[in-house]
Every structure is written in C-alpha cells, then in structure tokens.
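See structure below.
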Amino acid sequence: MSNAPPELIVIGAGGHAKVLIDTLRLMSLNVTGLTDNDSRQLGYDHVLGVPVLGGDSELSGLAPDMVLLVNGIGGIRADKLRKSVFEHFKAKGFRFINVIHPSAVVSVECSLGEGVQIMAGALIQPGCKVGDDTIINTGAALDHDCILGCHVHLAPGATLSGFVSVDDCAHIGTGANVIQQVKIGAGSTVAAGATVINDVPAGVTVAGVPAGVIGQGDI
Ligand SMILES: CC(C)(COP(=O)(O)OP(=O)(O)OC[C@H]1O[C@@H](n2cnc3c(N)ncnc32)[C@H](O)[C@@H]1OP(=O)(O)O)[C@@H](O)C(=O)NCCC(=O)NCCS
C-alpha cells in the first residue's frame with residue numbers, strides 16, 4: 002500500500018456539499034474533489050475552489066483504501082438518493098468519515114456511527130446514539146438519550162427533547178420541535194416548524210402545532 006495521503010472526496014456538488022467543504026477545512030481537512038452525476042448540468046465546475054471531477058463513476062478507478070468519502074447529498078427530496086449512495090460505496094469497500102464542525106458540542110457519552118455529519122452549532126447531549134450517514138444540521142439539538150437511526154436528517158434548528166427516537170431515513174424539518182419520548186417512524190417527514198407531541202407512524206408527513214398527518218412521506 003502507498004504512503005500517499007488518502008484522497009478526500011465529497012459525493013454531490015450542491016449546497017450541502019458547499020457547507021461540508023467549509024466545515025472540513027475548519028477540521029484542517031482539504032477536499033480533493035467532488036463528484037456529481039449531474040455534473041454536466043450544474044453550470045459550474047468548482048465549489049469553493051474544489052473541482053467537480055465528473056460523475057460518481059470517477060470513483061471506480063480509485064482504490065477504496067486510498068479514498069475517504071463524505072456524503073454531500075442533502076435536501077429533503079434526496080433522502081433516498083443519499084441512502085443509496087452510502088450503501089453503494091460501502092458495498093465497494095469505501096469508508097465515509099465523520100464530519101463534526103468545531104463549534105458543535107457533542108457529549109463524550111454518546112455513540113456515533115459511520116459517516117455522521119454534525120454541523121455548526123449543533124448540540125448532542127449524553128446518552129444519544131446516532132446511526133450511520135445521519136445529518137445533525139446547523140444549530141439542531143438532541144437532548145439526552147435520543148436514538149437516531151441511519152440516513153436520518155435533522156434539519157437546521159430542529160430540536161429533539163430527551164428520549165426521542167427517530168427511525169431510518171426520517172426527515173425532521175427546519176425548526177421543528179419533538180417533545181420527550183416521542184417515536185418517529187422510518188421514512189417519515191416532520192414539516193418545518195411543526196411541534197410533535199405524539200408518535201409518528203412510518204412513511205407519513207406530519208405538520209402543524211400540534212403536528213398531525215397531512216400526507217404520505219413523499220407528498
Ligand atoms: C411538509 C413539506 C415536506 C411539504 O412540502 P410539499 O410536498 O412541497 O407540500 P406543499 O408545499 O405542496 O404543501 C402541501 C400542504 O401542506 C401545507 N404545508 C407545507 N409545509 C407546511 C409546514 N411546514 N407547516 C404546516 N403546513 C405545511 C401546505 O400549506 C399545503 O397545504 P394545503 O394543501 O392546505 O394547501 C415541506 O413544506 C416542509 O416543511 N419541508 C421541510 C423543509 C426542510 O426541512 N428543509 C431543510 C433542508 S436542509
């Protein structure tokens with residue numbers, strides 16, 4: 002194996018990728034390049050000075066042990082794509098690094114999976130578990146003993162009280178609040194600004210204060 006430092010590549014070249022590049026620089030990590038399957042339609046070929054290398058197939062020529070990956074796919078309509086990208090590259094032997102902004106406060110008494118992203122100003126209290134590929138976005142907060150599955154997205158400013166659980170691929174919208182001990186089902190969406198006071202089944206969208214079901218997960 003070569004002693005060259007591994008390449009650090011972000012998959013995706015949109016807004017979430019831009020925030021990740023900035024965060025990685027604050028962690029003293031320099032991104033080598035970005036890949037995006039829509040690279041030809043983007044209308045730009047660099048993000049914050051980092052080159053867009055082409056589609057995700059650019060990775061196929063690289064040895065997995067010489068590359069570190071960051072999943073740069075964000076946004077509410079992209080949760081399934083985010084999961085499939087993570088699983089695709091894991092199956093090929095690639096590793097995803099955890100991204101933790103220096104301003105985030107993360108208790109030492111919590112466990113983080115692989116490829117977890119904890120963005121600026123986020124807060125994670127003791128007893129929390131965060132699954133693989135989950136995003137705790139800007140200023141979001143998990144109080145004590147919350148359990149988050151894989152590929153969850155806690156959007157900016159969302160707050161979970163103690164003992165909340167969120168199953169795989171759920172999206173908790175910007176500024177939403179979830180009271181203590183509530184369970185959010187897999188693939189569900191909590192609308193921006195909602196206050197959730199009851200359990201949410203899998204695969205639905207809830208909105209309002211207090212939150213009620215307004216549709217299926219992909220309304
Ligand atoms: C709930 C949500 C997913 C619905 O989006 P959508 O599928 O495009 O639905 P629409 O905007 O067509 O709205 C459908 C209905 O829900 C209502 N609605 C939408 N968002 C709502 C919200 N946040 N709170 C209350 N009601 C909401 C609309 O008023 C509309 O009601 P109507 O049928 O009576 O007119 C979206 O509004 C939302 O809150 N997304 C979260 C955004 C987020 O977290 N972004 C972070 C990115 S990092």
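Going by my numbering, the first residue of the sequence shown is number 2, and it counts up by one from there.
Glycine included, C-beta positions come from ideal geometry on N, C-alpha and C.
Report the option in Gly163, Thr196, Cys147 and Ile136 whose CA atom is closest to the CA atom of glycine 76.
The sequence position of residue 76 within the sequence shown is 75, counting from 1. The option with the nearest alpha carbon to glycine 76 is Ile136.
Residue ranges of each beta strand (DSSP E) run of no fewer than 3 residues wholly in the stretch 27-83, ordered along the chain?
34-36, 51-55 and 68-72
Would you say alanine 208 and alanine 192 are within 8 Å of each other, going by their C-beta atoms?
Here residue 208 refers to the residue found at position 207 of the sequence shown. Here residue 192 refers to the residue found at position 191 of the sequence shown. Cβ distance < 8 Å, so alanine 208 and alanine 192 count as in contact.
If the criterion is Cβ atoms closer than 8 Å, does the pair alanine 159 and glycine 132 meet it?
Position 158 of the sequence shown, counted from the first residue, corresponds to residue 159. Position 131 of the sequence shown, counted from the first residue, corresponds to residue 132. No; because the gap between Cβ atoms is not below 8 Å, this pair is not in contact.
Count the CB pairs spanning the stretch 134-154 and the stretch 106-119 that are closer than 8 Å, and state whether there are at least three.
yes
Quick check on DSSP: helix, strand or coil for alanine 14?
Within the sequence shown, the letter at position 13 stands for residue 14. If DSSP states are grouped into helix, strand and coil, alanine 14 belongs with coil.
Evaluate the contact criterion for the stretch 7-15 versus the stretch 60-78: three or more CB pairs, one atom per stretch, below 8 Å.
yes
C-alpha distance - glycine 34 paired with asparagine 199, whole-angstrom precision
Looking up residue 34 in the sequence shown gives position 33. Looking up residue 199 in the sequence shown gives position 198. Approximately 43 Å, taken between the alpha carbons.
Evaluate arginine 83 with the Cβ neighbour count: other Cβ atoms within 10 Å of its Cβ, from every protein chain shown; 16 or more gives buried, anything less gives exposed.
Along the sequence shown, one-based indexing puts residue 83 at 82. That one is buried.
How is the beta strand (DSSP E) around alanine 208 delimited, first residue to last?
Reading the sequence shown from its first residue, position 207 is the one you call residue 208. Note, alanine 208: beta strand (DSSP E), 205-208.
Do you know offhand how far leucine 54's Cα is from glutamine 181's?
Here residue 54 is taken as the residue at index 53 of the sequence shown, counted from 1. Here residue 181 is taken as the residue at index 180 of the sequence shown, counted from 1. About 44 Å.
Give me whichever residues DSSP pairs with threonine 160 in a beta bridge.
Within the sequence shown, the letter at position 159 stands for residue 160. Ala142 and Asn178.
If we count the other Cβ atoms within 10 Å of its Cβ and call it buried at 16 or more, is leucine 49 buried or exposed?
Taking the first residue of the sequence shown as 1, we reach residue 49 at position 48. Leucine 49 is exposed by the Cβ-count criterion.
Closest residue to glycine 194 among Val179, Val201 and Val205 (Cα-Cα distance)
Residue numbering aside, residue 194 sits at position 193 when the sequence shown is read from its first letter. When only C-alpha atoms are compared, the closest one is Val179.
Between the alpha carbons of aspartate 57 and valine 20, how many angstroms are there, rounded?
Working through the sequence shown from its first residue, we reach residue 57 at position 56. Working through the sequence shown from its first residue, we reach residue 20 at position 19. Straight-line Cα distance between these residues: approximately 19 Å.
Could you pull the DSSP bridge partners for isoleucine 136 from this structure?
Stepping through the sequence shown from its first residue, residue 136 is reached at position 135. Bridge partners of isoleucine 136: Gln118 and His154.
Counted within 10 angstroms of its Cβ, other Cβ atoms place glycine 94 as buried (16 or more) or exposed
Residue 94 sits at position 93 when you count from the first residue of the sequence shown. Counting Cβ neighbours within 10 Å, glycine 94 comes out exposed, since fewer than 16 surround it.
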